[in-house]
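Report on the structure given below.
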Amino acid sequence: MIPGSKHIWKKYAIAMIWLLVLLWPLLGIHADGTLTFSETWSVWIWIAGVLLGLLMLVLAHRSSTSRMVRAPVAIAMEKINRLGKVMPGKVWMVLIISVSLLFPFLTDRYAQDVAINVLVYVCLGLGLNIVVGLAGMLDLGYIAFYGVGAYTYALLSIHYQFSFWLSLPIAACFAAIAGCIIGYPTLRMRGDYLAIVTLGFGEIVRIILNNWMELTNGPNGILGINAPGLMLPQFSNGIGFEYIYLKKLHYLYYIVLLLCVFTVIAVHRLNFSRIGRAWEAIREDETVAELMGVNIFRLKLLAYAMGAVFGGLAGAFFAARMRFVSPESFTFIESAMVLAMVVLGGMGSIPGIILGAMALIVLPELFREVELYRMLAFGAAMTVMMLFRPKGLIPAKRVGTRSEEREG
Amino acid sequence: MEFFIQQTINGLTLGGIYALIALGYTMVYGIIQLINFAHGEFFAAGGYLGVILLSFLVSRGYLETHPWLCLGGSLVLAMAYCAALAMAVEKVAYKPLRFASRLSVLLSALGMSIFLQNGLMLTQGVYDKPYPSIFSHGNIEFGNITVSYLQIIILVATVSLLVLLNILVFKTRIGKAMRATAQDKVMTSLLGISSNRIISITFAIGAALAAAAGIMVGLYYGSVRYDMGFVPGIKAFAAAVLGGIGNITGAMLGGLIIGMVEIYGAGYISGQYKDVFAFIILIGVLYFRPTGIMGENIDDTRI
Amino acid sequence: MPNQPILELKNVSSGYGSIDALKGVSLKVFPGEIVTMIGANGAGKTTTLMTICGIVPIKAGEIYYDGKPIHGCEPDTLAPKGLCQVPEGRRIFPRLKVEDNLEMGAFFRKDRQNMEKDMDHVFDLFPVLKERRKQLGGTLSGGEQQMLAIGRALMSKPRLLLLDEPSLGLAPLIVKRIFEIIHEINHREKTTILLVEQNANIALQSASRGYVLETGIIIMSDDAGALLQNPKIRKAYLGE
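Protein chains in written order, with the numbering used here: chain A, 26 to 433; chain B, -18 to 284; chain C, 6 to 245.
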């Protein structure tokens, strides 16, 4: 045992108590000078309970007594691993695909609703992953592309009665153009300068959506967007075709599942293509990449555009599903959510991001009863997660260390 | 012309407030290369503590009799509180991640920001909290130009805080140690300077300035809200980046520019798009100078 | 020679990540000595010093300073105990004035009134620093920066000074001057010095004892004079 390190947890606990003691008065005093702690009590009991649980976990994790718990877990993990080796990846794929295909038949509306949400965010997370995870550019305004996609379909549907399927590529195109517009001036900027500029762009898009009354109807949003439709043969009065709007939830589920599978395949292919490798080279060391003949200018723009495409597709679907869009849905907190999924899940790792999206959408749903405290818990959980797994739930496998970690 | 001067005064007031917040971002960034997303929340907490203290003093009647003492006392108390809060947040959410990748720390900061903001909302309510209006009366008129006493108070307080900070950072031992730590953490630890302590102090100073800005905004606009930290936060962050992040003079300059641009933009072009102008200026400047106005090339005042 | 070493390493292994740069290094430094450690690029010389100072995490073994264990201590607790390092590449603070750089060396000290005196002492040793005291550290030449780095370490009144490649990248004349000053510090102030050098010739000439480090292992240790005569050393490190 190295002297000094054993005090770390004690120090950390003191810091925690310090923070809580400081927050207490702020949360309990009312502006007229009266003190009402009753409301805050419940908050604190929650926080204290969660903290205690975490502390126990940590202690169990660190103390040798936990071996009784850990040993069976390790054995189980090993068995799973061995099973994973026996069953090739394809079997898993088939399993996952069949479960996701059968999902609407096994569950109710509410679960389907949540599932659709998860899948939309998976698309967004994978899109953002191209920019952040592969090309290494921090983007805090990603939700703008989602907004562009959503409004593109909304406007096309309202004014020109474009079908959803036709609008999808158009929305993707528009988002890609928006990506280039955002990308172009930021090409020379480094990490954190990029962060604020992308954040600024995101805000600009939202403010424009909010204020351009003639086009977007401002904060009231756009109502009456058509649901996706399909030409289906029908036989009731002779043979003919009928255009049916797919308003049912499980149809929407399949559409977004399709989108999602498309995204996963595309991102996977990109990841292992020449372009993907060039992006990783840029992420690790821009100067060296340029010296090795990587066209930084074009590839960075491409990263923005590709990332934006998936955001745009998800956005178009979002508009079609809600059949209503308003600037409210495209705030910074949404960008932060998507970024959180990417980082929480494990940057650059597709299964990680899927898991991250599931965690961030499903977990808050489980705590619906404590609606009010959801965001509070969400924030705290984000911090705690980072403390315990700074590399994400399923870290991507990569060779060598990342340049930013070395700087550390 | 008169309109222009009037707008300039308003812009200076707002710009000074942005500068105060931006300094916290820039100092923390200079020392540990972290965008402290929770910084806006310190600003909001300062505003709330101000309203709590001042309302309490009003209810006891002290504010009527000793307005200056009360204002000064509340300011100092709020600053001290936020300084302590920031140190605690740093210890809990950032310090354990000192050797993790920067995105993880960023996310941890974001989590803290959401946590603090929602904590404020849950316990202080979702509605605006009004500030006592005792300081918002009275103004001086020069022709058609009106300068309220409040603006003068804010300008004087801002300028004195900025001067104090400059003295602290460039003249005192602790300030020099701060700059040394920002330049080479390994070397400072070899010299017996605890970087953890210096980082704590940096957070404390930044949050104290933000708390002062929070009270000023509360007084200026007459109320505070739980989510008031977000928009001024990102604008101040923009100001810090505009000036060249990590650069103290740059942050002050950036704050003033963002404040002025916002007021001129609102006054001459469109009030609805006032938030857009600040970002457009930011993007424009960064396009031509990717490291900000005072970044890296003119580097004397980098922390 | 007193029996109690001021610094003792016992079987120290350390390194970054999974690779051990040091594989069981043991050495002793007695009070008042100049001890040198020579070795080629990548032998682990800098890692040794950084491990002593707690910057590189120690994996095995023990380090004693003044008879007390210091392995695992926070790096910033060592300078107040009188253990100071002038690291490789000098690492002066480029955007701090020369005098502020020096002041940082004495940051932890409580006796402020003596600081002026010590600064004057450093200026006596390095008069060029006095001329440049208002300049920013980054504007100094390489030799001046090395002097500043040594002067800064002296401001902490060290009892044991670790010097990492003070000759690196400097003109021969300046190297000579720096080594004269190292001698003077050792002689006049009784500061013990552990000197790490690639320039084996000058290092062995100025030291009383020497260690030879090769790929993380001490392969030889002897009196400096004997090492200078050793044919193997002459062949490997003195270019014969």
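Where a beta carbon is used, it is the ideal one built from N, C-alpha and C, also for glycine.
In this text, all values refer to a predicted model and were calculated from it rather than measured experimentally.
Asked                                                                                                                                                                                                                      : Found
Is the beta carbon of G66 of chain C sitting closer than 9 angstroms to the one on T220 of chain C?                                                                                                                        : no
Mind listing which residues of the segment 91 to 114 of chain C have their C-beta closer than 7 angstroms to chain B's C-betas, in chain order?                                                                            : P92, R96, F98, P99, R100, L101, D105, E108, M109, G110, F112 and F113
Once DSSP output is grouped into helix, strand and coil, what is the label at F260 of chain B?                                                                                                                             : helix
What's the C-alpha gap between R302 of chain A and Y167 of chain A?                                                                                                                                                        : 22 angstroms
Could you pull the DSSP bridge partners for I121 of chain B from this structure?                                                                                                                                           : B:V128
Taking only beta-carbon atoms, is V137 of chain B less than 9 angstroms away from chain C?                                                                                                                                 : no
Listing by chain order, which chain A residues have their CB less than 9 angstroms from the CB of M93 of chain B?                                                                                                          : G404, A405, M407 and T408
Say whether chain B places a C-beta atom closer than 9 angstroms to the C-beta of W304 of chain A.                                                                                                                         : no
Residues of chain B with CB under 7 angstroms from A84 of chain C, in chain order?                                                                                                                                         : L171, L172 and G173
If you check the beta carbons only, do L130 of chain C and I179 of chain C fall under 9 angstroms apart?                                                                                                                   : no
Measure the Cβ-Cβ separation of Y146 of chain A and I386 of chain A and say whether it is below 9 angstroms.                                                                                                               : yes
What does the Cβ neighbour count give for P415 of chain A, buried or exposed, with the cut at 16 atoms within 10 Å?                                                                                                        : buried
Quick check on this structure: which residue in A:N142, A:L277 and A:P194 has the alpha carbon closest to the alpha carbon of G337 of chain A?                                                                             : A:P194
Buried or exposed, going by whether 16 or more other CB atoms sit within 10 Å of the CB of E(-17) of chain B?                                                                                                              : exposed
If the cut-off is 8 angstroms on Cβ atoms, which residues from the segment 144 to 164 of chain A count as contacting chain B, listed in chain order?                                                                       : V157 and L163
Mind pulling the chain B residues with CB within less than 8 angstroms of M366 of chain A?                                                                                                                                 : By Cβ distance, chain B contributes nothing, its closest Cβ being about 10 angstroms from M366 of chain A, past 8 angstroms.
So what's I68 of chain C in DSSP terms, helix, strand or just coil?                                                                                                                                                        : strand
Nearest by alpha-carbon distance to G173 of chain B: which of C:G49, C:G77, C:P62 and C:D81 is it?                                                                                                                         : C:D81
Select from the segment 237 to 261 of chain B all residues with a C-beta closer than 7 angstroms to any C-beta belonging to chain A, and list them in chain order.                                                         : Q253, Y254, D256, V257 and F260
Can you confirm whether the segment 130 to 139 of chain B touches the segment 190 to 197 of chain B when touching is taken to mean that 3 or more C-beta pairs between the two stretches lie within less than 8 angstroms? : yes
Give me the residue from B:L15, B:L35, B:G31 and B:Y(-1) with the minimum Cα distance to S82 of chain B.                                                                                                                   : B:L15
Taking Cβ positions only, does R154 of chain B come closer than 9 angstroms to chain C?                                                                                                                                    : yes
Would you say D81 of chain C lies against chain B (beta-carbon separation less than 9 angstroms)?                                                                                                                          : yes
I'd like the ranges of any alpha helix (DSSP H) spanning at least 4 consecutive residues and lying wholly in the segment 158 to 244 of chain B.                                                                            : 166 to 171, 176 to 202 and 211 to 224
Please list the partners that S161 of chain C has in chain B, where partner means a Cβ-to-Cβ separation under 8 angstroms.                                                                                                 : L172 and G173
Please determine if the segment 272 to 287 of chain A and the segment 303 to 317 of chain A are in contact, where contact requires at least 3 C-beta pairs separated by less than 8 angstroms.                             : no
Taking CB distances under 9 angstroms as the criterion, tell me whether I419 of chain A reaches chain B.                                                                                                                   : no
Less than 8 angstroms separating the Cβ of I307 of chain A from some heavy atom of the ligand MN?                                                                                                                          : By its list of ligands, the structure shown contains no ligand whatsoever, and the ligand MN lies outside what it can speak to.
Which one of A:L412, A:L212, A:N235 and A:F297 has the shortest CA to CA distance from Q253 of chain B?                                                                                                                    : A:N235
If you measure between the beta carbons of F211 of chain B and Q98 of chain B, is that distance less than 9 angstroms?                                                                                                     : yes
Hey, how far is the Cα of V107 of chain B from the Cα of F96 of chain B?                                                                                                                                                   : 15 angstroms
Excluding the five sequence neighbours on either side, which residues of its own chain have a C-beta within less than 7 angstroms of the C-beta of K195 of chain C, listed in chain order?                                 : G37
For I135 of chain B, which three-state DSSP category applies?                                                                                                                                                              : helix
Is it buried or exposed, Q151 of chain C, if we count other Cβ atoms within 10 angstroms and call 16 or more buried?                                                                                                       : buried
Would you give the residue range spanned by the beta strand (DSSP E) that R214 of chain C belongs to?                                                                                                                      : R214 to E219
Less than 6 angstroms between C-beta atoms, sequence neighbours within five positions excluded: which residues of the same chain meet that for F98 of chain C?                                                             : N106 and G142
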